[in-house]
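Step one of this worksheet: look at the structure below.
Protein chains: 2
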Amino acid sequence: MPGVNAIVAVASGKGGVGKSTVAVNLALGLAAGGHAVGVLDADIYGPSMPRMLGISGKPVSTDGRRLEPMENFGVKCMSMGFLVDEETPTIWRGPMVTSALQQMMRDVNWGALDVMIVDMPPGTGDAQLTMAQQVPLAGAVIVSTPQDIALLDARKGLNMFRQVDVPVFGFIENMSYFACPHCGERSEIFSHGGARREADRLGIDFLGEIPLDIAIRETSDSGRPIVVSQPDSAQAKTYRAIADKVWEKVSQILAARETSMPKIVIQ
Amino acid sequence: MPGVNAIVAVASGKGGVGKSTVAVNLALGLAAGGHAVGVLDADIYGPSMPRMLGISGKPVSTDGRRLEPMENFGVKCMSMGFLVDEETPTIWRGPMVTSALQQMMRDVNWGALDVMIVDMPPGTGDAQLTMAQQVPLAGAVIVSTPQDIALLDARKGLNMFRQVDVPVFGFIENMSYFACPHCGERSEIFSHGGARREADRLGIDFLGEIPLDIAIRETSDSGRPIVVSQPDSAQAKTYRAIADKVWEKVSQILAARETSMPKIVIQ
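Chains as they are written, first to last, in numbering that gives the first Met the number 0: chain A, 0 to 266; chain B, 0 to 266.
Laid out in structure tokens, this is it:
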């Protein structure tokens, strides 16, 4: 995609692990680091970016050819959620999903971006396969809870990206533990540490752990994600640290791409 | 399906709301009520029934035509998880999903069942549409967390079933609240009461609320769901109460079907 330096998928083997919450805070963390960031909400079946980024309304076209992306908190965004009614079930056959994704990539005036975060649909079905095959992904991060069943699905996600030669930047453990707001005691509701162990076992990086946390949930639900609404909180710092690691990975990919490109030398 | 009296889908608009955990405990609750129960794990992309029911091994065929279902805790089960490798991503195109689901319905020797619980894949895509259209569902229950975004997707699920004229028996609120095991104080991590309010608003029944609970999670993960491993617990009682409500709905459907069937009267 011309103008877009690197595309990074945020994926999960199963739904409900908080992938979209991680994606939006990761995008905002990258933007906080001074990068030009776009978010493509590719979760056709359950688009949540409009709500999480606090954006309503419909995108318009200024040139009659391409749609302008929506924008908030300095981040550009396109989502199927802008184009379909919130209450209508999106019952789409595979080829329609492919076509919708392609349009959201190509027929949107994204402008110049350092990095585009793609909030992938959860799982390893048609839409994910299409993305992984057709989009020139610089890499992917995989979000999982520490729970065995989620890790099993995370491993499937990893294998899917490996099959199509997309580098996996690492695992993020979400809902890593819960700290009771009343007594401060920690409960490992979905177990703990599984994603880190799994990453070690599989020989990929571990990017960080994020607690199950009411403030993170409420701020995402209300369209003011914690990285922008409570930038000094521990949670926001955790997200920014993860964003820094992702940016480091992106930089390595860009540097490698640079050296492998033919140079025009003027003598 | 000959021999199967009623088929009930357990569905959710989004993944990760604990649909499979609810499905397995609902099935075991129905079995505890003395009914002959089967579980069809239709979650092709992330089958979790083998693990949750503590069943390993491969199903065999005794007549060379149909597979025998697997069984544990008195409940019969068929799952794609028995047929594919746990670590392999199941990247299937729509028509393959359709075909796999049909085979798991027709080419399995289910025998006589009072009720078959179908653990649907989350969402409103191809697989769900296929199930809702091709399977003679007596009804569906929809599992949601109280969170706004999950409720939005639950509503989409409801609309999908309504479009294909499948009665929705009601909503179940999962992860309804969390009680700290250290201090006993309650935290409404994913909010609370949203599914009940949404059910009221939409004019459908509310079947019950189930807390976010480490014992429920651990027993499901380890293949001994709480309804069978801790039958006297409050959590097991909640599940059995929900099972009773579902059975009441099934009985109404069966009674209505009975009266609408032509009678052969021998005089």
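Just so you know, even glycine gets a beta-carbon here, dropped at the ideal spot from N, CA and C.
The beta strand (DSSP E) spanning residue i covers which residue range?
| i | result |
| --- | --- |
| residue 208(A) | 205-211 |
| residue 118(A) | 114-118 |
| residue 174(B) | 167-178 |
| residue 139(B) | 138-143 |
| residue 69(B) | 69-71 |
For residue i and residue j, I'd like the C-alpha separation in whole angstroms.
| i | j | result |
| --- | --- | --- |
| residue 128(B) | residue 22(B) | 19 Å |
| residue 247(B) | residue 213(B) | 29 Å |
| residue 233(A) | residue 226(A) | 10 Å |
| residue 19(B) | residue 64(A) | 44 Å |
| residue 154(A) | residue 169(A) | 11 Å |
| residue 33(B) | residue 15(A) | 33 Å |
| residue 70(A) | residue 217(A) | 21 Å |
| residue 54(A) | residue 40(A) | 13 Å |
| residue 172(A) | residue 117(B) | 30 Å |
| residue 182(B) | residue 175(A) | 20 Å |
| residue 194(A) | residue 57(B) | 28 Å |
| residue 12(A) | residue 198(A) | 14 Å |
| residue 178(A) | residue 59(B) | 47 Å |
| residue 124(A) | residue 111(A) | 30 Å |
| residue 79(A) | residue 72(B) | 43 Å |
| residue 221(A) | residue 253(B) | 44 Å |
| residue 223(B) | residue 236(B) | 16 Å |
| residue 188(A) | residue 61(A) | 49 Å |
| residue 163(A) | residue 133(A) | 10 Å |
| residue 29(A) | residue 31(B) | 52 Å |
| residue 180(B) | residue 184(A) | 9 Å |
| residue 190(B) | residue 229(A) | 20 Å |
| residue 102(B) | residue 49(B) | 18 Å |
| residue 143(B) | residue 150(B) | 6 Å |
| residue 192(A) | residue 160(B) | 39 Å |
| residue 114(A) | residue 77(B) | 44 Å |
| residue 17(A) | residue 256(B) | 42 Å |
| residue 243(B) | residue 146(B) | 26 Å |
| residue 239(A) | residue 140(A) | 15 Å |
| residue 130(A) | residue 10(A) | 11 Å |
| residue 219(B) | residue 208(A) | 24 Å |
| residue 204(B) | residue 203(A) | 47 Å |
| residue 196(A) | residue 152(A) | 15 Å |
Can you tell me the Cβ-Cβ gap for residue i and residue j, rounded? I've got them flagged as a contact below 8 Å.
| i | j | result |
| --- | --- | --- |
| residue 241(A) | residue 52(A) | At roughly 18 Å, the Cβ-Cβ gap does not stay under 8 Å, so residue 241(A) and residue 52(A) are not in contact. |
| residue 245(A) | residue 206(A) | 7 Å |
| residue 104(A) | residue 8(A) | That pair is no contact at about 12 Å. |
| residue 66(B) | residue 107(B) | 5 Å |
| residue 96(B) | residue 36(B) | Contact flag wrong, Cβ pair sits at about 24 Å. |
| residue 43(B) | residue 99(B) | 6 Å |
| residue 138(A) | residue 122(B) | Not confirmed; about 26 Å, so no contact. |
| residue 135(B) | residue 215(B) | Wrong, their Cβ atoms sit about 31 Å apart, outside the cutoff. |
| residue 3(A) | residue 109(A) | 6 Å |
| residue 165(A) | residue 157(A) | No, residue 165(A) and residue 157(A) are not in contact; Cβ-Cβ is about 10 Å, not under 8 Å. |
Helix, strand or coil: how does DSSP classify residue i here?
| i | result |
| --- | --- |
| residue 43(B) | coil |
| residue 8(A) | strand |
| residue 228(B) | helix |
| residue 0(A) | coil |
| residue 185(B) | strand |
| residue 24(A) | helix |
| residue 75(B) | strand |
| residue 66(A) | strand |
| residue 59(B) | coil |
| residue 134(B) | coil |
| residue 107(B) | strand |
| residue 38(A) | strand |
What residue does the alpha helix (DSSP H) around residue i start on, and which one ends it?
| i | result |
| --- | --- |
| residue 247(A) | 233-259 |
| residue 197(B) | 193-201 |
| residue 155(A) | 147-162 |
| residue 79(B) | It is not in any alpha helix (DSSP H) - residue 79(B) carries neither H nor E in the DSSP assignment. |
| residue 223(B) | Looking at the DSSP string, residue 223(B) is not in any alpha helix (DSSP H), and its letter there is neither H nor E. |
| residue 49(B) | 48-51 |
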